[in-house]
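Residue numbers (the numbering used here): 34 to 343. Using N, Cα and C, we set each Cβ at its ideal position, and we do this for glycine too. These numbers were taken from a predicted model, which means no experiment stands behind them.
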Ligand code: FAD
């Protein structure tokens, strides 16, 4: 079973990624679970769902109501495996559901494999210094969260009809008065095709302004390492890495970033990395598809000038 998060009646992209991944598990039925109004629940059949359950009577997200309803459905359907996206909402829901169902939870997995009904859940451990593969032998369901952009969304057409259900739930003590949008949509780094990412080597907030100017010229967005976030040069929402976001751009500029394992954990392997670093021995240089060994400032100045002249 996959919990398919829906935001403003549209399914979150991670829902398609998880359904696609689940449909690779041999001999298992894939059940998509959608709560609230979702106009595209039916589309999940195109990505490998065998069944789609839509709980119609719950309204928009409310932590207590969603936890209650999801637990009721999981108890009724008894899935062997239950997957959720490690979005902010998924991270809030998953541990509560796991605790109520008295099962374990492996969060932020980067790979999943199924063998004989047992799911092998791989995630970074010990500060990202090693990858741990975890199994949950006794308790069911085996619960996992996976970050957006880790798995591919793949078409795998199946036929079916959305099962619309109504579930009784306890009235919530939480009341949502108003939802205030942060207005970050246009610079969502997880959806960007070109990312200009800066690290400690960029040196200042002014340096990041220059990266922004360059990013605007080439149709990209600016992101950063944890050091850049901690120094207040860029917002936390734009941090790439193990404790930030996983990105899947076509081109990733790593500027003044050393390339620690925790940072690289957030960059999809298919991304083309262009590193600008003055240290030829920095780990990012080995990872990069193209490396420029230089102080970043003059390089970016020249690229901006070239682009403006064109
Ligand atoms: P540094 O490692 O200090 O590298 C700076 C680089 O800039 C160097 O390679 C240097 O040669 C180069 N440089 C300096 N001046 C110039 C110049 N003028 N021109 C060109 N190059 C220059 N980090 C993340 O990024 N994301 C995470 O999500 C994350 N999660 C973490 C989770 C845990 C549990 C832990 C323990 C750490 C985590 N970190 C994360 C931190 C990570 O270990 C590193 O500290 C961090 O990534 C380093 O950032 P940096 O590359 O910007 O800085």
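{"Asked": "beta-carbon residue 124 near the ligand FAD non-hydrogen atom, thresh 7 Å", "Found": "no"}
{"Asked": "Residue 265 CB to nearest heavy atom of the ligand FAD below 7 Å", "Found": "no"}
{"Asked": "Per-residue DSSP class, three states only, for residue 220", "Found": "helix"}
{"Asked": "Cβ-heavy atom distance, residue 140 to the ligand FAD, below 7 Å", "Found": "no"}
{"Asked": "The ligand FAD heavy atom lying under 7 Å from the CB of residue 310", "Found": "yes"}
{"Asked": "Which of helix, strand or coil DSSP assigns to residue 344", "Found": "As displayed, the chain neither begins before 34 nor continues past 343, which places residue 344 out of reach and without an answer."}
{"Asked": "Contact check, residue 181 vs residue 277, beta carbons under 8 Å", "Found": "no"}
{"Asked": "Contact test: residue 237 Cβ vs the ligand FAD heavy atom, cutoff 7 Å", "Found": "no"}
{"Asked": "Of the listed residues 305, 223 and 41, nearest to residue 319 (C-alpha basis)", "Found": "305"}
{"Asked": "Nearest-angstrom Cα separation, counted from residue 307 out to residue 81", "Found": "35 Å"}
{"Asked": "For residue 142, the three-state DSSP class (helix, strand or coil)", "Found": "strand"}
{"Asked": "Simplified DSSP state of residue 40, which is helix, strand or coil", "Found": "strand"}
{"Asked": "7 Å Cβ shell around residue 336 - same chain, five flanking residues per side excluded", "Found": "247"}
{"Asked": "Member of 141, 197, 47 and 135 whose CA lies at the smallest distance from the CA of residue 90", "Found": "197"}
{"Asked": "Coarse secondary structure for residue 148, derived from DSSP in three states", "Found": "strand"}
{"Asked": "C-beta atoms of residue 162 and residue 294 nearer than 8 Å", "Found": "yes"}
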